[in-house]
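When the letters of the sequence shown are read in order and numbered with UniProt numbering, they come out as residues 1 to 185. Glycine included, each C-beta is placed from N, C-alpha and C at the ideal position. Keep in mind that this is a model prediction, so the values were computed, not measured. These notes are about the structure you will find just below.
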Amino acid sequence: MARDETEQRLETAALTLLRHEGVLAGLNLRAAADAAGVNRGNVYHYFGSRRQLLQSALRRRLSMNVRTVSRQVHPTLKQQFSWMFTYLIRQREAIDMTALLVLDGDKDVLVMQFRDEILEALARLQESGEIAPDIDLSVLHVYITSLARGYVLHREHLAREVGRKVGDLDKQLMALAVRMLPALQ
Numbered sequence: 001m002a003r004d005e006t007e008q009r010l011e012t013a014a015l016t017l018l019r020h021e022g023v024l025a026g027l028n029l030r031a032a033a034d035a036a037g038v039n040r041g042n043v044y045h046y047f048g049s050r051r052q053l054l055q056s057a058l059r060r061r062l063s064m065n066v067r068t069v070s071r072q073v074h075p076t077l078k079q080q081f082s083w084m085f086t087y088l089i090r091q092r093e094a095i096d097m098t099a100l101l102v103l104d105g106d107k108d109v110l111v112m113q114f115r116d117e118i119l120e121a122l123a124r125l126q127e128s129g130e131i132a133p134d135i136d137l138s139v140l141h142v143y144i145t146s147l148a149r150g151y152v153l154h155r156e157h158l159a160r161e162v163g164r165k166v167g168d169l170d171k172q173l174m175a176l177a178v179r180m181l182p183a184l185q
């Protein structure tokens, strides 16, 4: 088996274990190797630590999305925000991994992985008058990222607490956020 395939199988197994066992059970590298069906020595040779395994899995997931994100150019702030919010909801696994790495003390993990691409899209919207010229685009990006990532991390629990279906709450939250967007113009 080629190294890349082995690494990918280990990353997938690790994420599956985290999803099924939970974070507090911990990520056991030997269990990841067993679940991936690879020699236990490979996991230590390729990654060395749980953090490195998660970092690698996150990088792989994000590298698959670079083209998708860089092609997203929307003519209105409403459309751009809607796309960003929907995209982040679909990236639950990457958001979970990022949160785990942050909580584990990883100082190098990027929370705004596609910062440059998103800032370019926001700059185009600012130039077209969709966003007021006095709005700091970096701060706007932090706001959108914080809102969306926090929601994505907790959406199932939030929906349960307010007695709504997750999909319904997604729509209602998006509608509320879109109503607030004119304040940025």
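- For Tyr151, the closest C-alpha among the options Ile131, Glu117, Tyr87 is that of Tyr87.
- For Gln8, the CB contacts under 8 Å within the same chain, skipping 5 residues up- and downstream, are Arg60 in chain order.
- In the displayed model, His141 falls within a helix according to three-state DSSP.
- Considering only Asp134, Val23, His45, Ser82, the residue with the shortest C-alpha distance to Arg179 is Ser82.
- Residues Ala33 of the same chain have their beta carbon placed closer than 8 Å to that of Asn39, with the five preceding and five following residues left out of the count.
- Under the three-pair Cβ rule at 8 Å, the stretch 134 to 143 does not count as touching the stretch 156 to 169.
- In the structure shown, the three-state DSSP call for Met180 is helix.
- For Ile89, the enclosing alpha helix (DSSP H) covers residues 77 to 90.
- The C-beta of Thr16 has fewer than 16 other C-beta atoms within 10 Å across all chains shown, which makes the residue exposed.
- Between Leu153 and Ala94, the C-beta spacing is not below 8 Å.
- The Cβ atoms of Gln55 and Leu125 do not sit closer than 8 Å to each other.
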